[in-house]
Amino acid sequence: MFAPTLKAKVAFEAMKGEKTVAELASLYGVHPTQIKQWRELLQSGMSELFTDKRHKHEQSQEELLENVYKQLGKKETTNHKRITRYMREMGIQAIFPGPNLSKNGMDGRGRCMDNIFTERLWRTVKYEEVYLKSYELVNDAIEHIGQYMQFYNEERPHQSLKYQTPAGLYFK
Numbered sequence: 227m228f229a230p231t232l233k234a235k236v237a238f239e240a241m242k243g244e245k246t247v248a249e250l251a252s253l254y255g256v257h258p259t260q261i262k263q264w265r266e267l268l269q270s271g272m273s274e275l276f277t278d279k280r281h282k283h284e285q286s287q288e289e290l291l292e293n294v295y296k297q298l299g300k301k302e303t304t305n306h307k308r309i310t311r312y313m314r315e316m317g318i319q320a321i322f323p324g325p326n327l328s329k330n331g332m333d334g335r336g337r338c339m340d341n342i343f344t345e346r347l348w349r350t351v352k353y354e355e356v357y358l359k360s361y362e363l364v365n366d367a368i369e370h371i372g373q374y375m376q377f378y379n380e381e382r383p384h385q386s387l388k389y390q391t392p393a394g395l396y397f398k
């Protein structure tokens, strides 16, 4: 068991992102998975520090909405019209594959193809971004890789997409 103060300190350092989870695990003698769990717990509970009792009604409304989301996600719910009506009332819409997209993506069928695309993406990110730059801090890496992903999706033409961008093809 770890003391609550140590958990808070490690979780806060993990959130700052100045050191990697592996570095923190080595420094404090804690398993990296445990650090990730503490960081997620801190992130999810931080807003509760600043709430007061006047917002209980808003919280119960949020809990109700969250419960509806859970119900919509269950496979037992088969009434498509009812689900569509609930979703319309909540102001959300389902994401369906567009006409120009593959229908067997990340659903378990065609897994080998999903893996190939994922491996190609990360190979490209490594060779075009990561290996060319020397990041001083984790936050620098997060920022620059995020900028590269935006470039990759919105500006960089892809030969396999007939020299279109993924965003251009998806939002067409």
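Going by the numbering used here, the letters in the sequence shown line up with residues 227 to 398, in that order.
Every residue gets a Cβ at the ideal spot worked out from N, C-alpha and C, and that includes glycine.
Please read these numbers as outputs of a predicted model, since none were measured by experiment.
{"Item": "Complete runs of the alpha helix (DSSP H) confined to the segment 240 to 273 [at least 4 residues]", "Value": "247 to 254, 258 to 271"}
{"Item": "Endpoints, alpha helix (DSSP H) assigned at Phe-377", "Value": "364 to 380"}
{"Item": "Contact under 8 Å by Cβ, Asn-365 with Gly-243", "Value": "yes"}
{"Item": "Among Tyr-353, Leu-232, Val-351, the one whose alpha carbon lies nearest that of Leu-253", "Value": "Leu-232"}
{"Item": "Close beta carbons around Ala-391, own chain, < 8 Å, minus the five adjacent residues each side", "Value": "First, the amino acid is wrong: residue 391 is Thr here, not Ala. The answer, listed in chain order, is Asn-379, Glu-380, Glu-381, Arg-382, Pro-383, His-384."}
{"Item": "Host alpha helix (DSSP H) of Ala-393 (start-end)", "Value": "392 to 396"}
{"Item": "Minimum C-alpha distance to Leu-268 - residue among Ser-360, Phe-238, Phe-377", "Value": "Phe-238"}
{"Item": "Alpha-carbon spacing of Lys-399 relative to Lys-388, whole angstroms", "Value": "This structure leaves residue 399 out entirely; the chain is present only between 227 and 398."}
{"Item": "Per-residue burial, Ile-368 [other beta carbons within 10 Å of its own, 16 or more giving buried]", "Value": "exposed"}
{"Item": "Of the listed residues Pro-258, Thr-246, Arg-265, nearest to Pro-230 (C-alpha basis)", "Value": "Arg-265"}
{"Item": "Cβ-Cβ distance between Lys-352 and His-370 below 8 Å", "Value": "no"}
{"Item": "Between the CA atoms of Pro-258 and Gln-376 - distance to the nearest angstrom", "Value": "29 Å"}
{"Item": "Local Cβ density within 10 Å of Ala-234, reported as buried at 16 or more and exposed below that", "Value": "exposed"}
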